[in-house]
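Novice: Each protein sequence line maps, in turn, to chains A and B. Residue numbers 1 to 426, in our numbering, belong to the letters of the first sequence in order. Residue numbers 1 to 288, in our numbering, belong to the letters of the second sequence in order. Idealized CB from N, CA, C, for every residue including glycine. Below you'll find the structure I mean.
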Amino acid sequence: MSNSTDNLQKIKSSLKRRSRSESRFRWYGRVAIIIGLAAVLALFVDIISKGHGAFKATYIQVDIHYDGDRLGVTSSADKSQLMQANWDALVKSGLREKFSDVSGRRDKRQLYKLVSNGTGFDLKEHLVANPLLLGETESQWLLADDDIDTYYKSWLDGEPYDARLTKKQIQWIDQLHQQGDIRLQLNTNLLTRGDSREPEQAGIYGAVMGSLLTLLLTLMLSFPIGVAAAIYLEEFATKNKFTDFIEVNINNLAAVPSIIFGLLGLAVFINFFHVPRSVPIMGGLVLTLMTLPTIIITSRAAIKSVPPSIREAALGMGASRYQVVLHHVLPLALPGMLTGAIIGMAQALGETAPLLMIGMVAFIVDIPQGFTDPATVLPVQIFLWADSPERAFIEKTSAAIMVLLSFLLIMNISAVWLRKRLERRW
Amino acid sequence: MKQAKAAAKSATDTKSNPKQNLEVDTTQATVGNRFCENPKMSMRDVNVFYGDKQAIYDVSVDIAKNEVIAMIGPSGCGKSTFLRSLNRMNDTVDGCKVEGEVLLDGHNIYQQNLDVVELRARVGMVFQKPNPFPKSIFENIAYGPKIHGLADSRVDLDEIVEGSLKKAGLWEEVKERLHQPGTGLSGGQQQRLCIARAIAVSPEVILMDEPCSALDPIATARIEELIEELSQNFTIAIVTHSMQQAARVSHRTAYFHLGKLIEVNPTEQVFTMPEHQLTEAYITGRFG
C-alpha cells in the first residue's frame, strides 16, 4: 500500500518537471519561428522601403511645339522623314522657352540635362500615334533624367541628395516645383521596357520575358523527363547494384552547386553542340539539368507514398504494370509531383550562377521574342543592376527583387492551390 | 524485400517457439485426401523461396471445381505465400522464386510465355485489408471489365456492375450512391465491394487472403454467407486465421505447418478426427 502511494508521489513530482520541459520545448519552437519570421519581415521591409520608389518616376511638364518645318516632317506617315528629324531639338526648344532667362552654352547644356535623353524618341512615337499634332503645341509631361529623379524623390522625403546636380539645376527644380510643373507619376517604363544604360529608361520586361521563356523550356523538358525517370525507377526497374548506383548519383546531383551545371552547359552544349550562348534555349537546358534531380526525387517520394494496397488491388484485377501506373499510381502521385515541379521551377527562377557561365549575363536591350533571341533573366538582371554605379539603380534593383519575389510567391501559392485541388477529389 | 524478410523472420520465430515441442516427424508426406478427379487447379511439388530462405516445401494438392478450400495454420506457416503463388502475385515481391508446377485446367501458370494479365483475370484475389480504389463505387467494379474489354457498351457495363454488386450482396446498400467514393463505405461494405470487383471479371477461381481479419463479427458473418453463395459458381481458396471460419465455410481444409502441407481432408474430418498429430495439436489449441 505504502509502495503505491510512494509511486503516486513520485509520479506527481515528476509531472511538474515533465510539463516544465515540455513548455520549454514548445518555446524553443516558438523562438525559432519568431526568428524566422523576423528575418523574412526584415528582408521584405528593407526591399520594399528601398524599391517602392522605382514604381514612380519624376516627370517635368514642358510645352512642346511639333513644328513641321523645323523637323522637316510634312507627313507623320513618312518613315524616312521621321527617322531623319531632330527630335531632341523639340525638347530643347521647349525647355528653353520654359526657362527663357537661361543663356550661355554651359547653362543650356545643364538645362537640357533635366530630361531624359530618350525623350526625343517618346515624342516621335507620340506624334505617330496622334498625327493631328503636327504643327500644334501641346503641354507634355517628359521623363526626367535619373539624377533629377533621385534628387527630387530624396528632396520630397526631406533628405535631398544633390551630389550629382549643379546649383542652377537645383534652383530650376525648385522653380518647377513651385509652378507645379514637376511631379511623380506611375513608372510604366519599369514593367514595359527592356534594360537600358539610362536608369530612368531601364525596365524589367526584357528580363521577365527571358525568365518566362527559359522557365517554359525548363518545365517542358524537366517535368516529363523527371517524371518518366521517377516512374521507371520506382515501378519498373529491378532493384540491383546498378539502380542503387543511379539512385546515389541522382541524390548527389541534387546537392551539386549550381555553378557546376553552368560549367557543364558551357562545355557540353556551347563548346560541343554549338548551341548559341545567351539564349533561352541554353538557359533552359542548363536549368533542366539542375532541376531534374529535384523533380526526380520529389516524384519518387510521391510515387512511394501511394499505398501498396492500391497497386496490389489493381495487379490482382489483372491490370498490367503500365495500367497500374497510368490508372492508379500516377493520379494519386500527381499532386506531389506537381508540387515538386513547381518548387523546382521556383528554384530555377531564382538561379543566377549557372546562367553567368553561359553568357546570359549580357546587356540586352531588346525584348526576347523567342527561344533563340538573346535574353537575360530576372535574377541576372538584379545582379547587373546591383552592379551598376548609378544611384538610381539602387531602387531599381530592389524593385526588380520585388518583381522576382512576387513571381516566386505566385508560383508557391499555385503549388499549394494545385495540391489542394487535386487532392480534394477523394 | 521487406515482405520476404518478415516472412523469413516469422518462420524462424515459430521454430524457436517452446510451446511446440511435439516430437513429430514433419518430413513425411502430406496425409489425407489431397488429390481429386478433374481438379480446377493442381499444385505439384511447389517450393517457394524468398531469397535464400525457403517458405514452402514440396506442396502438392488439388483444388476441385466449385469447392471452397480453407488453408489454416499458425502464423508464418506459409499459407498466404502459397495462396499468392496461385495467381503469381508473388512475382511482385523482389527475390521471390517459385519452383514446381501450378496447373490451372491442366496448364502450368508458371510457364514462360504465359501472360499474368490473363491469369489474374481467371484467378481473382481478395486481400486481407479492404483495398478499394480511390474512385467511385461504380468505377471500382467497372475497372476490371474495362481493362479486359469485357463490356461492349455502357449498358453492358451497367449490367455487369449491377450483377456483381448483387452477387456480392451490396446492391441494395449502394444502388443510390454508385458514383460516390468507394472509400466512404464501412469496412465490411468495402470488403464486399472488393469481392464484387473481383467477380466482375467472372474469374474461375477466387483467392481470399484472410478476407475477414479486419472486420467485425457481423460483417464477417455477412462475408461468410457470401462465400457460401459464391461457391455455387466459383472455386474458392481461402486463407484464414479463424478455425471456426474454416469450419463454417469450407468443404476441405488444408493444414500448413512451417511451410509444409501437413494434412488435407474434408473439413468435418479435420475438425473432428484429424489424421495428423500436428493438426490435432493445432485445432485443440496447443499451439498457434
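(1) Among all the DSSP beta bridges, which residues are the ones paired with B/Asn-47?
(2) Residues of chain A with CB under 7 angstroms from B/Phe-133, in chain order?
(3) Compile a chain-ordered list of the residues in the region 220-246 of chain A whose CB is closer than 7 angstroms to at least one CB of chain B.
(4) Can you tell me which of B/Leu-178, B/Gly-144, B/Leu-258 and B/Leu-170 puts its alpha carbon nearest to the alpha carbon of A/Ala-313?
(5) In this structure, how does DSSP classify B/Asn-131 when only helix, strand and coil are distinguished?
(6) My understanding is that A/Leu-338 touches A/Leu-418, with C-beta atoms under 8 angstroms, so please give their C-beta distance in whole angstroms.
(7) Excluding the five sequence neighbours on either side, which residues of its own chain have a C-beta within less than 8 angstroms of the C-beta of B/Ala-168, listed in chain order?
(8) Does the region 81-89 of chain B come close enough to the region 206-218 of chain B that 3 or more CB-CB pairs lie under 8 angstroms?
(9) Using a Cβ-Cβ cut-off of 7 angstroms (strictly less than) and excluding sequence neighbours within five positions of B/Thr-183, which residues of its own chain qualify?
(10) Would A/Ala-57 and A/Asp-149 qualify as a contact pair, given that the criterion is a beta-carbon distance under 8 angstroms?
(11) Pick out whichever of A/Leu-422, A/Leu-264, A/Gly-344 and A/Asp-244 has its Cα sitting closest to the Cα of A/Leu-356.
(12) Taking only beta carbons into account, state which residues of the region 180-200 of chain A come closer than 7 angstroms to chain B, listed in chain order.
(13) Please report the distance separating the alpha-carbon of A/Asn-249 from that of A/Ser-398.
(14) Determine the DSSP secondary structure at B/Tyr-110, reduced to helix, strand or coil.
(15) When the Cα atoms are used, what is the spatial distance from A/Asn-412 to A/Thr-298?
(16) Taking the C-alpha atoms as reference points, what is the distance between B/Ala-8 and B/Val-48?
(17) Who pairs with B/His-257 in a beta bridge, going by DSSP?
(18) Using a Cβ cut-off of 9 angstroms, pull out every chain A residue sitting near B/Phe-127, in sequence order please.
(19) Would the region 275-288 of chain A count as touching the region 372-389 of chain A if we require 3 or more Cβ pairs under 8 angstroms?
(20) Using a Cβ cut-off of 8 angstroms (strictly closer), state whether A/Ser-398 contacts chain E.
(21) Does A/Ala-323 get closer than 8 angstroms to chain B when you measure Cβ to Cβ?
(22) 8 angstroms is my cut-off, CB to CB: does B/Glu-23 come that close to chain A?
(23) Using the three-state DSSP reduction, which class does A/Leu-216 fall into: helix, strand or coil?
(24) 8 angstroms is my cut-off, CB to CB: does B/Tyr-143 come that close to chain A?
(25) Out of A/Pro-368, A/Met-282 and A/Ile-296, point me to the one whose CA is closest to A/Gly-359's CA.
(26) How big is the Cα-Cα spacing for A/Lys-10 and A/Arg-20?
(27) Could you name the residues of the same chain whose beta carbon sits closer than 7 angstroms to that of B/Leu-22, not counting the 5 residues immediately before and after it, in chain order?
(28) Between the beta-carbon of B/Leu-150 and the beta-carbon of B/Val-123, is there less than 8 angstroms?
(29) Apply the 10 Å Cβ neighbour rule to A/Ala-229 and answer buried if 16 or more other Cβ atoms are within range, or exposed otherwise.
(30) Less than 8 angstroms between C-beta atoms, sequence neighbours within five positions excluded: which residues of the same chain meet that for B/Arg-222?
(31) Which bits of chain B does A/Ala-319 rub up against, with CB to CB less than 7 angstroms?
(32) Which residues share a DSSP beta bridge with A/Trp-141?
(33) Please check if any C-beta of chain B sits within less than 8 angstroms of the C-beta of A/Lys-420.
(34) Please classify B/Ser-136 as buried or exposed, where buried requires at least 16 other C-beta atoms within 10 Å of its C-beta.
Specialist: Looking at the atomic coordinates:
(1) B/Glu-99
(2) Ile-310, Ala-313 and His-328
(3) Lys-239
(4) B/Gly-144
(5) coil
(6) 5 angstroms
(7) Arg-192, Leu-193, Ile-195, Ala-196, Ile-199 and Leu-226
(8) yes
(9) Pro-132 and Pro-134
(10) yes
(11) A/Leu-264
(12) none
(13) 38 angstroms
(14) coil
(15) 15 angstroms
(16) Since pLDDT at B/Ala-8 reaches only 45, below the 50 mark, its modelled position is unreliable, and no value is offered.
(17) B/Lys-260
(18) Ser-309, Glu-312, Ala-313 and Gly-316
(19) yes
(20) No chain E is present in this structure, whose protein chains are A and B.
(21) It should be noted that the sequence gives Gln, not Ala, for residue 323 of chain A. Yes, its Cβ sits closer than 8 angstroms to a Cβ of chain B.
(22) Its pLDDT being 48, under 50, B/Glu-23 is placed unreliably in this model, and the coordinates cannot settle the point.
(23) helix
(24) yes
(25) A/Met-282
(26) 16 angstroms
(27) Low local confidence applies: a pLDDT of 49 at B/Leu-22 is under 50, so the model's placement there is unreliable, with the coordinate-based value given in what follows. Excluding sequence neighbours, B/Leu-22 sits near Gln-277, Leu-278 and Ala-281.
(28) no
(29) buried
(30) Gly-169, Gly-188 and Arg-192
(31) Ile-147
(32) A/Gln-61
(33) no
(34) buried
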